[in-house]
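> This structure is in structure tokens; I'll ask about it shortly.
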Amino acid sequence: MPHLTSTTAGSASTGLRTALGVPGYAHPLVAPAQWAELARPGTPLDWVVLNVAAGPGARPDPHCLEAAGRLRAAGVRVLGHLDLTHGARALADLLSDAHRYLDWYRADGFLLARCPTDRSALPEVRRTVTTLRTISDSAHIVLGHGSHPHPGYAENADQLVTFSGSWSDYRWSQVAEWTADYPADRFCHFVHGVPRGHLEEALRIARWQGAATIYFTDRTDRGGRTDPWETMPGYWDEIVSRIGTGVSE
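Spelled out as structure tokens, the structure:
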């Protein structure tokens, strides 16, 4: 199968500890039960992204404060959503948003969404990450590329999102060979439209491709008209059980 592209990557991925990285649900006022579910003890979470209003919002949101507080109390990292707009966003604006996430929601780090992938943008992204670490030296930084970037990006963040897209694309995807030089906990995959009957196959692909942080959902983007990450998958309990008990293949 196309996703089994490297013997080295496959060997390195067996025995992999998989956990969930949640790209961010709808506002807690709209989806309170889902945010509460994330704080349930024993849920195998790496982190959860908080996106208040295309960023941290103009003022502290009481519903988001409560949701973030519950997650922190449960030992779950909360990441603020920062949109790089493929490199077009000014650093000053990004830092302003980052400070608000830290001051209001005590964010544990950041997901840098729509991060560039090309080599030419690498110095500016490196500068951004370095500056974020100066205002929060313990910040967990995730670069949200959505596809395999130039390998130099792997040296500038804690994790890279190297796939974000549909199941129809994911099941035939190929892993970049350079990822075999890094441990699986450096990579994340977000996949929407995964049917329940293919959940085991999707988990197998992630393991063989060496991605330790995943988020799979049966929700779809309806041709780009909706956000597939806004609600929990219909098989949430099943995927939590599979990952939490270390079920593999």
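Positions in the sequence shown are counted from 1; adding 21 to them yields my numbering.
The C-beta atom is built at its ideal place from N, Cα and C for all residues, glycine as well.
Small disclaimer: the values here were computed from a predicted structure and weren't measured.
1. Could you tell me how far apart the beta carbons of residue 92 and residue 50 are, in whole angstroms, since I believe they sit closer than 8 Å?
2. Is residue 219 helix, strand or coil when you go by DSSP?
3. Given residue 143, which residues of its chain have a CB within under 7 Å of its CB, disregarding the five upstream and five downstream residues?
4. With distances taken from CA atoms, which of 64, 141, 178 is nearest residue 158?
5. Please confirm if the region 121-138 is in contact with the region 95-106, defined as three or more CB-CB distances below 8 Å between the two stretches.
6. Using 8 Å for Cβ pairs, my map puts residue 234 next to residue 67. What's the rounded Cβ distance?
7. Considering only C-alpha positions, which residue in the set 40, 236, 154, 258 is nearest to residue 211?
8. Does the structure place the region 67-79 close enough to the region 110-130 that three or more beta carbon pairs sit under 8 Å?
9. Contact check, residue 216 vs residue 239 under 8 Å by CB: the rounded distance?
10. Can you tell me where the alpha helix (DSSP H) with residue 93 in it begins and where it stops?
11. Reducing DSSP to helix, strand and coil, say where residue 98 ends up.
12. Is the Cβ-Cβ distance between residue 132 and residue 45 less than 9 Å?
13. What is the DSSP secondary structure of residue 139, counted as helix, strand or coil?
14. May I have the straight-line CA-CA distance separating residue 242 from residue 95, to the nearest angstrom?
15. On the DSSP bridge assignment, give the partners of residue 241 in chain order.
16. According to the neighbour-count rule (16 or more other Cβ atoms, all chains shown, within 10 Å of its Cβ), is residue 56 buried or exposed?
Once the coordinates are examined:
1. The residue you call residue 92 lines up with position 71 of the sequence shown. The residue you call residue 50 lines up with position 29 of the sequence shown. At roughly 16 Å, the Cβ-Cβ gap does not stay under 8 Å, so residue 92 and residue 50 are not in contact.
2. If you number the sequence shown from 1, residue 219 lands on position 198. Residue 219 falls in the helix class under three-state DSSP.
3. Your numbering for residue 143 matches position 122 in the sequence shown. Cβ within range, chain order: 171, 173, 174.
4. In the sequence shown, residue 158 corresponds to position 137, counting from 1. Checked all of 64, 141, 178; the closest Cα to residue 158 is 178.
5. yes
6. Position 213 of the sequence shown, counting from 1, holds the residue named residue 234. Position 46 of the sequence shown, counting from 1, holds the residue named residue 67. Contact holds; Cβ gap of about 5 Å.
7. Residue mapping note: residue 211 aligns to position 190 of the sequence shown, counting from 1. Out of 40, 236, 154, 258, 236 has the C-alpha closest to the C-alpha of residue 211.
8. yes
9. Here residue 216 is taken as the residue at index 195 of the sequence shown, counted from 1. Here residue 239 is taken as the residue at index 218 of the sequence shown, counted from 1. Right, the Cβ-Cβ distance comes to about 6 Å (below 8 Å), so this counts as a contact.
10. By one-based count along the sequence shown, residue 93 stands at place 72. 83-94 is the span of the alpha helix (DSSP H), which, as asked, contains residue 93.
11. On the sequence shown, position 77 is the one that residue 98 refers to. Reduced to three states, the DSSP call for residue 98 is strand.
12. Looking up residue 132 in the sequence shown gives position 111. Looking up residue 45 in the sequence shown gives position 24. In contact: residue 132 and residue 45 (Cβ atoms closer than 9 Å).
13. In the sequence shown, counting from the first residue as 1, residue 139 sits at position 118. DSSP places residue 139 in coil when its eight states are reduced to three.
14. Position 221 of the sequence shown, counting from 1, holds the residue named residue 242. Position 74 of the sequence shown, counting from 1, holds the residue named residue 95. In a straight line, the C-alpha of residue 242 is about 30 Å away from that of residue 95.
15. Translated into the one-based positions of the sequence shown, residue 241 becomes position 220. Note: residue 241 sits in no beta bridge, so no partner.
16. Counted from its first residue, the sequence shown places residue 56 at position 35. Its Cβ being crowded by 16 or more others within 10 Å, residue 56 is buried.
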